[in-house]
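Trainee: Quick one: this structure, given as structure tokens, is what I'll be asking you about.
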Amino acid sequence: MKERFRALARSGIVLFACYYSYDIPSALNRHLCVDGKAFDTSRITYLYAAYALPNIICPLIIGHYIQNRKPRLSHYLCLIILAGQAMFSLGLSIQSYALMVVGRLIHGLGGEGFAFVQTREITLHFRDKELALSMACFGSLGRLGTISNFILTPFLAEKAGGFAASLAGVAITLASVVGYWLISAKPALKYMEEEIEERRVDFVEANAGTPQRHEAVAQGEPPVWGLGVSPDYVSRGGKAPGGCGDLQSLCLQRGSTMQSSLQDVCRKLGESSKFELFCEDDTIFVRHADSAGMFHPAFRVFLGMVFLFSVVWAPFYNVAPLLFQKKYSVGNKESGKMVAMIEGVSMALLSLTSVFSDFFGYKLLIMLFGGALMTLSHVLIYTSAGSALLVVFLLGCASPLISCYGLCMPLLVSEENIGLGFAILSCISNFSYTFSPIMVSLVFSLRGSFDDAEFFFIAVSLLSTLLTVVLLLYNRHYDLGMNRPERNPQMSNDNSEQFDKTVCNELKVGEIFVVEVGGRYEYIKIGTINTAKPGKHGSCKFLIKGTNIQTKKKYETSFTSGSKVDTAKLKRSEYVLIDIFGDEISVMGRGAEEGNFETLKTSDFSEKDLGLLKSVLDPDGKDEVTFALISAPKLCMVEDVRKGGKVI
């Protein structure tokens, strides 16, 4: 079996077991007891709050940890998942509620961490191949675990008791962990080779330079490389030449004597997480980047909306079986099947919702409709109106519609902070999963009535829907584009012959894709491709970092799984340079286009390439200047420049 399929198989079986064990308390409900007393709603919701508690900060910590690619981290997380479920079952056996809570806390630490790490590993293995299929299989196995739990656990609880049903979760988790280790027994040679290759590239880039620099490093001398510091400029807070404005950082002067230690330079550069360099004559100016534009003001409204939606959805799963039993007079087994049906409807509708938003947009309107369906569902439950199947169907439809919020987040965050935005979003969601069950249990404890909890759900649903309307107004006022389709209709229709259509899941590192900004095209060369999944019910996102090949600036964006992206059709031609006048470049074709005279626009060239052509242009025409041109709409890149037959 190929290594990438081995990685998918071992990840999927553990995720299945993790999701199966996650909802065991809800599926058991009345079979959970201590001292002969069945658990009330408060105790069940506290178990879910304990699971979510470590995940308030877990994404940030694990995200920082796996930057160094710890290959054994997943093995440890598997053991943590198993230990958590075993401790929960032991607490159920000896009727210790405190031990159950600790078990759920440990289980949550391992489960969400494992899903986070394995998503990254699958991306590394499938980034140049079947990435869409792999992510779909990975997520579907998790949801299949949830559905299996709500069908199997109530049946086992009725036949053999709650402890036996919980022990089945331990057995399934143990089997998945053993399977993970067996599949991982063969060394992942390809993965290791990729890791070694990437680190070699990093080493070369970090040490690139002249032999003198390498010799200085080898001799233990700090390589200054001719850069000095002007402390007078720093203390005065002076002005940069050429209209650069106030620069509150450093002024590094090339060729000057070293006036401050290298440690001071590093310390001053380290005071800011970001800085920009400006070169004017013989001086390099370093300016701190302004962080005020990291997040749009609407981002706070967006986070509030997501938090409130999660506040409604998180505890409902915990109390849903008990609530269905009370409101619709069904048994434990039937209530579990109803929750499984909600998951099934959500799975079916999630892909349809993603495709619709990709082609037609209207993401905020979809979310607004989902919020309305969720509110209507809880109103029907509160009033005991309508059938149980209608409520199940409406709730199943509401979840994937609301999950469109993940598509809007990149539009509210600056390009270089998309990763941070997803981390904040994940932490906010998990905080709601901790806060909400506790809040619902307090509301329920006032009179011991599910009507109070349902009234709470309705109130928060209305408030979250109201925030969606506020976000709609922000979107209209600032033209944020949150209702636009992921596929740009103008580029898709008008430029179908100029660009190739590629599904974002099939993009490869080094490939060039095209984005349209203000009527102009920007060409981005892909540097890295990663995935992110905002929440348990969110859609997979592809986070792409690259470089604008014209401006050399960093670029970062995200696409929903399945979105189609315009990729460049690059054409290579050879020309003889005739003249450069004003904003036009006169050339004559060579090879297949021999003798054809053409006029190129200087605006399509980078300043570097245009400067190179101007420098080699021979006004007397004695030496013929030839060059290769890599072109696409509004893009011209110069290669292989020769003057008089000699390479420049």
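When you line the sequence shown up against the working numbering, it's residues 1109 to 1756, in that order. Using N, Cα and C, we set each Cβ at its ideal position, and we do this for glycine too.
(1) Indicate the three-state DSSP secondary structure (helix, strand or coil) for Gly-1267 in the structure shown.
(2) Which residues bound the beta strand (DSSP E) around Lys-1649?
(3) Since Ala-1740 sits in a beta bridge, which residues does DSSP pair it with?
(4) Cutting at 7 Å between CB atoms, please list the residues of its own chain near Lys-1742, excluding the five before and the five after it.
(5) Check whether the Cβ atoms of Ala-1567 and Val-1548 sit closer than 8 Å, and answer yes or no.
(6) Taking C-alpha atoms, which residue in Ala-1448, Tyr-1631, Glu-1682, Val-1755 lies nearest to Val-1673?
(7) From the DSSP output, which residues share a beta bridge with Phe-1607?
(8) What do you get for Thr-1461, buried or exposed, if any count of 16 or more other CB atoms within 10 angstroms of its CB means buried?
(9) If we cut at 8 Å on Cβ distances, does Asn-1163 have a partner in chain C?
(10) Looking at Ala-1115 and Ile-1230, is the spacing between their C-beta atoms short of 8 Å?
(11) Does DSSP put Gly-1439 in a helix, a strand or coil?
(12) Would you decide whether Ser-1119 is buried or exposed? Buried here means 16 or more other CB atoms lie within 10 Å of its CB.
(13) Look up Leu-1708 in the DSSP assignment and say whether it is helix, strand or coil.
(14) My guess is that Phe-1607 and Thr-1665 are in contact by the Cβ rule of under 8 Å, so how many angstroms apart are they, rounded?
(15) Would you call Asn-1764 buried or exposed, if buried means 16 or more other Cβ atoms sit within 10 Å of its Cβ?
(16) Per DSSP, Tyr-1663 is paired with what?
(17) Out of Tyr-1154, Leu-1588, Gly-1690, point me to the one whose CA is closest to Tyr-1470's CA.
(18) Here's a check: name, in chain order, each residue in its chain whose Cβ is nearer than 7 Å to the Cβ of Val-1778, leaving out the five neighbours to either side.
(19) Which of the three DSSP states is assigned to Ile-1532 in this structure?
(20) Taking 8 Å as the threshold, find out whether the stretch 1480-1496 comes into contact with the stretch 1569-1587 through three or more Cβ pairs.
(21) For Gly-1697, report the span of its beta strand (DSSP E) as first-last.
(22) Taking Ile-1474 as the reference, which of Gly-1529, Phe-1407, Ala-1428, Leu-1579 has the closest Cα?
(23) Consult DSSP for Met-1599 and reduce its assignment to one of helix, strand or coil.
(24) Please state whether DSSP places Cys-1512 in a helix, a strand or coil.
(25) For Leu-1264, which option in Phe-1258, Ser-1256, Ala-1273 has the closest C-alpha, if you only look at C-alpha atoms?
(26) What are the boundary residues of the alpha helix (DSSP H) that includes Phe-1564?
(27) Would you grab the beta carbon distance between Ala-1125 and Arg-1138 for me? Rounded to a whole angstrom, and I think it's under 8 Å.
(28) Taking buried to mean at least 16 other C-beta atoms within 10 Å of its own C-beta, is Ser-1723 buried or exposed?
(29) If distances are taken between C-alpha atoms only, which option among Ala-1283, Tyr-1130, Ala-1135, Ile-1255 comes closest to Ala-1223?
(30) Can you find the residues in the same chain that come closer than 6 Å, C-beta to C-beta, to Thr-1636, ignoring five residues on each side of it along the sequence?
(31) For the 8 Å Cβ check, are there 3 or more pairs between the stretch 1184-1194 and the stretch 1268-1287?
(32) Which residues does DSSP list as the beta-bridge partners of Lys-1751?
(33) Are Gly-1287 and Ile-1121 close, meaning C-beta to C-beta below 8 Å?
(34) Using 8 Å as the threshold, is the stretch 1248-1265 in touch with the stretch 1442-1454, meaning 3 or more CB pairs across them?
(35) Kindly indicate which three-state DSSP category Val-1617 falls into: helix, strand or coil?
(36) Go to Phe-1124, then tell me how far its alpha helix (DSSP H) extends in each direction, as first and last residue.
Mentor: On the basis of the coordinates in this document:
(1) To locate residue 1267, count along the sequence shown from 1; it is residue 159. According to the sequence provided, residue 1267 is Lys. The question's Gly does not apply to it. DSSP places Lys-1267 in helix when its eight states are reduced to three.
(2) To locate residue 1649, count along the sequence shown from 1; it is residue 541. Element bounds for Lys-1649: 1649-1656.
(3) The residue given as residue 1740 occupies position 632 in the sequence shown. Bridge partners of Ala-1740: Leu-1743.
(4) Translated into positions along the sequence shown, residue 1742 becomes position 634. Cβ within range, chain order: Arg-1628, Tyr-1629, Asp-1712.
(5) In the sequence shown, counting from the first residue as 1, residue 1567 sits at position 459. In the sequence shown, counting from the first residue as 1, residue 1548 sits at position 440. Result no, Cβ atoms of Ala-1567 and Val-1548 do not sit closer than 8 Å.
(6) Position 565 of the sequence shown, counting from 1, holds the residue named residue 1673. The candidate whose alpha carbon is nearest that of Val-1673 is Tyr-1631.
(7) Here residue 1607 refers to the residue found at position 499 of the sequence shown. Phe-1607 is bridged to Ala-1676.
(8) As a first step, residue 1461 is located in the sequence shown; it is residue number 353 there, counting from the start. Looking at its Cβ environment, which holds 16 or more other Cβ atoms inside 10 Å, Thr-1461 is buried.
(9) This model lacks chain C altogether, as it is built from one protein chain only.
(10) For the purposes of this step, residue 1230 is taken as residue 122 along the sequence shown, with counting starting at 1. For the purposes of this step, residue 1115 is taken as residue 7 along the sequence shown, with counting starting at 1. Their beta carbons are under 8 Å apart, which means Ile-1230 touches Ala-1115 by this criterion.
(11) Translated into the one-based positions of the sequence shown, residue 1439 becomes position 331. Coil, per DSSP.
(12) Here residue 1119 refers to the residue found at position 11 when the sequence shown is read from its first residue. Its Cβ being crowded by 16 or more others within 10 Å, Ser-1119 is buried.
(13) Here residue 1708 corresponds to residue number 600 of the sequence shown, with the count starting at 1. If DSSP states are grouped into helix, strand and coil, Leu-1708 belongs with the strands.
(14) Along the sequence shown, one-based indexing puts residue 1607 at 499. Along the sequence shown, one-based indexing puts residue 1665 at 557. Actually they do not touch by this definition, with Cβ atoms about 16 Å apart.
(15) The chain is shown from 1109 up to 1756; residue 1764 falls before or after that span and cannot be answered.
(16) Here residue 1663 refers to the residue found at position 555 when the sequence shown is read from its first residue. In the DSSP output, where bridge partners are listed per residue, Tyr-1663 has Gly-1654.
(17) Here the question's residue 1470 lines up with position 362 in the sequence shown. Of the candidates Tyr-1154, Leu-1588, Gly-1690, the one whose C-alpha sits nearest the C-alpha of Tyr-1470 is Leu-1588.
(18) There is no way to answer for residue 1778, as the model of the chain reaches only from 1109 to 1756.
(19) Numbered from 1 along the sequence shown, position 424 holds the residue referred to as residue 1532. Note: Ile-1532 maps to helix in three-state DSSP.
(20) yes
(21) Along the sequence shown, one-based indexing puts residue 1697 at 589. Per DSSP, Gly-1697 belongs to the beta strand (DSSP E) from 1692-1697.
(22) Counting from 1 along the sequence shown, the entry for residue 1474 is found at position 366. It is Leu-1579 whose Cα lies nearest to the Cα of Ile-1474.
(23) Your numbering for residue 1599 matches position 491 in the sequence shown. Its pLDDT being 40, under 50, Met-1599 is placed unreliably in this model, and the coordinates cannot settle the point.
(24) As a first step, residue 1512 must be located in the sequence shown, where it is residue number 404. DSSP places Cys-1512 in coil when its eight states are reduced to three.
(25) By 1-based counting over the sequence shown, the position of residue 1264 is 156. Comparing Cα positions, the closest option is Ala-1273.
(26) On the sequence shown, residue 1564 is found 456 positions in, with the first residue counted as 1. That run of the alpha helix (DSSP H) goes 1558-1586.
(27) Walking along the sequence shown from the start, residue 1125 turns up at place 17. Walking along the sequence shown from the start, residue 1138 turns up at place 30. Not quite, the Cβ-Cβ distance comes to about 24 Å (not below 8 Å), so this is no contact.
(28) Start at 1 with the first residue of the sequence shown, and residue 1723 comes out as number 615. Flag for Ser-1723 reads exposed.
(29) In the sequence shown, the residue the question calls residue 1223 occupies position 115. Checked all of Ala-1283, Tyr-1130, Ala-1135, Ile-1255; the closest Cα to Ala-1223 is Tyr-1130.
(30) Stepping through the sequence shown from its first residue, residue 1636 is reached at position 528. Answer for Thr-1636: Lys-1653, listed in chain order.
(31) yes
(32) Taking the first residue of the sequence shown as 1, we reach residue 1751 at position 643. DSSP output for Lys-1751 lists Val-1733, Lys-1754 as bridge partner(s).
(33) For this step, residue 1287 is matched to residue 179 along the sequence shown. For this step, residue 1121 is matched to residue 13 along the sequence shown. Contact flag set, yes.
(34) yes
(35) Position 509 of the sequence shown, counted from the start, is the residue given in the question as residue 1617. Reduced to three states, the DSSP call for Val-1617 is coil.
(36) Position 16 of the sequence shown holds residue 1124. Residues 1111-1130.
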